[in-house]
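For reference, the structure discussed in these notes is given below.
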Amino acid sequence: MERKNPYVIGQRVGNGSYGSLFLVHNKHTRLKAVIKIISLDEFETSGMSASVMREISLLKKLDHPHIVRLLDVQMLREDKVHKIGLIFEFMPSDLSKYVRDKLLDTHAIKKILFQVISALEYCHSLGIVHRDIKPENVLVDSKGNAKLADFGVSVSMAVPRRQYTLHAGTAIYNAPEATYMANNYSCVCDMWSVGCMFYEMLTGKKLFKRYIRRPQLFAIFERLGYPENPSDNPRLLVEIRSNIPRPEEYKKLPVYDPQRVVEMDGPPIERLALDLLTRMLSFSPTDRITAREALGHDYFWGHPSDN
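Residue numbers (this note's numbering): 12 to 318.
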């Protein structure tokens with residue numbers, strides 16, 4: 012017997028990976044929620060249905076106070092088009108709106124950042140890489156608590172794959188190795204993205220430009236310098252030098268240094284915040300701070316006078 016859909020769909024509120032987001036309410040319980048509607052017919056032809064199933068599988072596995080909850084899954088049919096609806100708990104805002112409206116003081120930044128990293132530490136302990144960390148995917152409730160959302164391009168490192176998809180996340184938040192090395196993902200890719208987001212929370216500005224007609228890596232090198240030390244990430248440097256046009260253009264840039272995030276005309280960044288940020292932006296994945304290490308950083312636990 013087909014299960015009746017108890018949800019009434021309201022206004023569109025945005026887009027997620029592979030689908031549109033709408034407000035809904037349960038007509039029996041009046042519970043407010045959000046539904047992500049995905050066209051399965053379109054996904055079958057584009058080969059993306061496996062991604063949808065993977066997202067559902069991951070979300071059913073995850074149980075953490077700072078990860079948005081999947082409440083229900085509904086099969087939908089509209090104008091002879093088969094669709095699937097993922098129903099999530101309702102969260103009234105996201106971090107991008109807080110950044111845009113300058114609603115973040117030091118306490119709020121620490122609180123949200125810690126909650127996001129705690130969610131990632133949990134995911135990473137299960138071998139799950141989110142791959143699309145950005146302010147739009149951090150939902151915020153009325154009390155300023157954060158929950159990580161949109162696992163549409165996430166992968167489980169426990170599932171053998173010959174190669175991961177390149178450019179899976181959002182370009183300006185992607186780690187260098189996620190851009191050029193499809194078979195070299197690791198959990199610390201997420202920590203680079205957290206670093207980009209952290210900078211945005213601290214300054215109200217995006218860390219990197221979005222390039223269309225030149226490699227996105229140039230935005231990183233232009234801002235932070237060119238990594239000439241082979242120990243920085245030798246395999247990635249080989250990939251870069253064999254793939255980018257006019258590599259001599261890059262060598263004219265200063266040597267890579269995450270401390271370059273500090274702008275002469277920008278807002279000051281506290282000492283401990285800067286230390287955590289630069290460790291997130293290490294070019295070498297092996298040197299980059301992990302989620303577990305970040306949770307113990309003095310930025311969260313040090314005395315205010317230490318900043």
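Glycine included, C-beta positions come from ideal geometry on N, C-alpha and C.
Beta-bridge partners of D298, as assigned by DSSP: D298 pairs with nothing; no bridge assigned.
Which residues DSSP lists as bridging R111, in chain order: Its beta-bridge partners do not exist; DSSP assigns none.
T190 versus L51 - alpha carbon distance: 28 Å
Per DSSP, cross-strand counterpart(s) of Q85: G96
Inter-residue spacing [alpha-carbon to alpha-carbon] between Y196 and N148: 20 Å
Expected contact under 8 Å - CB spacing of R234 and R271 to nearest Å: 6 Å
Q22: first and last residue of the uninterrupted beta strand (DSSP E) it sits in: 18-27
As assigned by DSSP and simplified to three states, the class of N37: strand
Reference P278, options V79, L213, D286, closest by Cα: L213
DSSP beta-bridge partners of D105: L150
Opening and closing residue of the alpha helix (DSSP H) in which K122 lies: 117-136
Residue burial classification, H118 (beta-carbon count within 10 angstroms, cutoff 16): exposed
Nearest-angstrom Cα separation, counted from V92 out to L115: 43 Å
K71 burial status per 10 Å Cβ neighbour count (16 or more: buried): exposed
Contacting residues, own chain, Cβ-Cβ under 7 Å from L42 (five flanking each side not counted): H36
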